[in-house]
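Residue numbers (this note's numbering): -16 to 551.
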């Protein structure tokens, strides 16, 4: 790149590598999905905001929880400007923030004293993602949604703070807050505590700059909530959960209730927390420095979020907690276990003597994205070929990472470093058989959605009575732009909106009791349902479907038995 200064060239190369890691992460591991999880809900709400006649009979679309995020305002704005559908707009947002998140990890690593190539290695391993079981969250979200943007913005804020760039950290933290306030609170809590304990007055005075964007962000979010499209959502600031609402939430969203999962996952997070603390010590970091403070305090905040959630929700019954979901800060434990483990593996690999310790740290780092429980990854059932192959692969990747750093000043350094950065993205999904999700989209579902969108009234209401907990109905809702009477995925809104929780619970119980038979059609008609969708193997004998393909049969609730049929 002639004409560019050396520093500018290095920054461009770094940005290009990070962008390449984003592409690999999107296509390979951790991967991406669309309309399989929470994006089903967000897209239904956005489509209704865009055109209020769409999904006007669907409670999920008409009872929204978008007041305290700018995600919807930005999505609607970009759709007006570009004329594009929501999917490319939201995916572009997701990719940009994945890049910013990896940039934040890179900055964090360089603040810990690593050079450019080692810091890129830290970002590469972090970019593989991690499943945070229990609170049901991810370090890198697969789908576009507010949290998928807010978490990377928070990591960017952490990286900037670690370098003492406090105004930039405040801007990134404010952006995270504007997208999804709960995702930003670990950064803001760590920053505010550091402001109180920092002993260097000059640094402390500069650090106050980060409060300016944070304060402005609060004002912007309150203003956006006041003028919210679709009306303001009810506040839960100081209310308590009723026993009935608690029962619904425990049934449908048990991940908020830490007592239901902590015993199962306690050792996993305890081991990762211990690893992060030991690695922090081995790196000889100083808690008084911005980088040392962030890398120490955030795992502590993550672990402390579990008892805090228990106290606030299960003991005090604060109704805001299921919506705020503080225990999801637990993602900071595996996140910093990976960051600090890779950093220690690299710094220790400079000599042959430290190679063994470095191998151990690298194994821990690669085990985190490989499975939800580090104990099962590192101490697998060796009778399982998949588990054995996965363990051997982790050992091989760890050895490659350590070897690449040992060769850092030798002719093969560039080649081995590139291999260490890229190999996990290709080998873990194939040889390691790491599969983060199952794709639920299929051509028959698309065909069904196209038929419904073009051959049924916009106000029509559908139900999938035998789908149970399948997420297929939610895909249909968005693609067909037709209302669902009820589905399992929409019950997750019980955390956000008490009124919707009751409506969902009553509808869900009704469908579970009614099932699908000849008498059910009349009952569904009385409930305001127009069409019933079942798989062909569950077809109703004696009734002609209004639509049918290789997988699905659709019946009108106004259908009558065919001539000469006694029904079924």
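We put the beta carbon where it would ideally sit given N, CA and C, even for glycine. No experiment lies behind these values; they were computed from the predicted model shown.
Report the start-end ranges of each alpha helix (DSSP H) in the stretch 228 to 269 that is 4 residues or longer and not cut off at the edges. 245 to 265
Given 8 Å as the limit, is there contact between the stretch 55 to 73 and the stretch 491 to 509, that is, 3 or more CB pairs closer than that? no
Keeping to the same chain, check which residues put their C-beta closer than 6 Å to that of residue 447; ignore five residues upstream and five downstream. 456 and 516
Applying the criterion that 16 or more other CB atoms from any shown protein chain within 10 Å of the CB defines a buried residue, is residue 395 buried or exposed? exposed
Inter-residue CB distance, residue 32 and residue 55 (contact presumed, cutoff 8 Å): 6 Å
For residue 9, which of helix, strand or coil comes out of DSSP? helix
By DSSP's criteria, residue 434 is part of a beta bridge. Which residues make up the other side? Answer by DSSP bridge pairing: none, since residue 434 is not bridged.
Rounded straight-line distance, which links the Cα of residue 388 to that of residue 341: 10 Å
Out of 317, 0, 102 and 37, which has the shortest C-alpha to C-alpha gap to residue 562? This structure does not reach residue 562, given that the chain is present from -16 up to 551, and the question cannot be answered.
Would you mind working out which of 262, 518, 540 and 524 sits nearest residue 509, comparing C-alpha positions? 540
By DSSP's criteria, residue 536 is part of a beta bridge. Which residues make up the other side? 517 and 531
Those residues which DSSP pairs with residue 573 across a bridge: Because residue 573 is not part of the residues shown, which for the chain are -16 to 551, the question remains open.
Starting from residue 562, trace the beta strand (DSSP E) in both directions and tell me its first and last residue. Since the first residue of the chain shown is -16 and the last is 551, residue 562 is not available in this structure.
Pair within 8 Å by beta-carbon distance, residue 171 and residue 276: no
Backbone CA spacing between residue 353 and residue 415 [nearest angstrom]: 8 Å
Ordered along the chain, which non-local residues of its own chain (more than five positions away) have a Cβ less than 6 Å from that of residue 93? 102
Can you find the residues in the same chain that come closer than 8 Å, C-beta to C-beta, to residue 552, ignoring five residues on each side of it along the sequence? Given that the chain is displayed from residue -16 to residue 551, the structure contains no residue 552 and the question cannot be resolved.
Inter-residue spacing [alpha-carbon to alpha-carbon] between residue 16 and residue 273: 36 Å
Relative to the alpha-carbon of residue 227, which residue among 221, 473, 300 and 179 has its alpha-carbon at the smallest distance? 300
Confirm, please, whether the CB-CB distance from residue 347 to residue 109 is below 8 Å. no
Should residue 148 be labelled buried (16 or more other beta-carbon atoms within 10 Å of its own) or exposed? buried
Does residue 121 come out as helix, strand or coil in the three-state DSSP assignment? strand
N- and C-terminal bounds of the alpha helix (DSSP H) containing residue 77: 69 to 94
What does a CB cutoff of less than 7 Å around residue 251 pick up in its chain, not counting 5 residues either side in sequence? 356, 357 and 358
Report yes if the C-beta distance between residue 332 and residue 338 is below 8 Å; otherwise report no. yes
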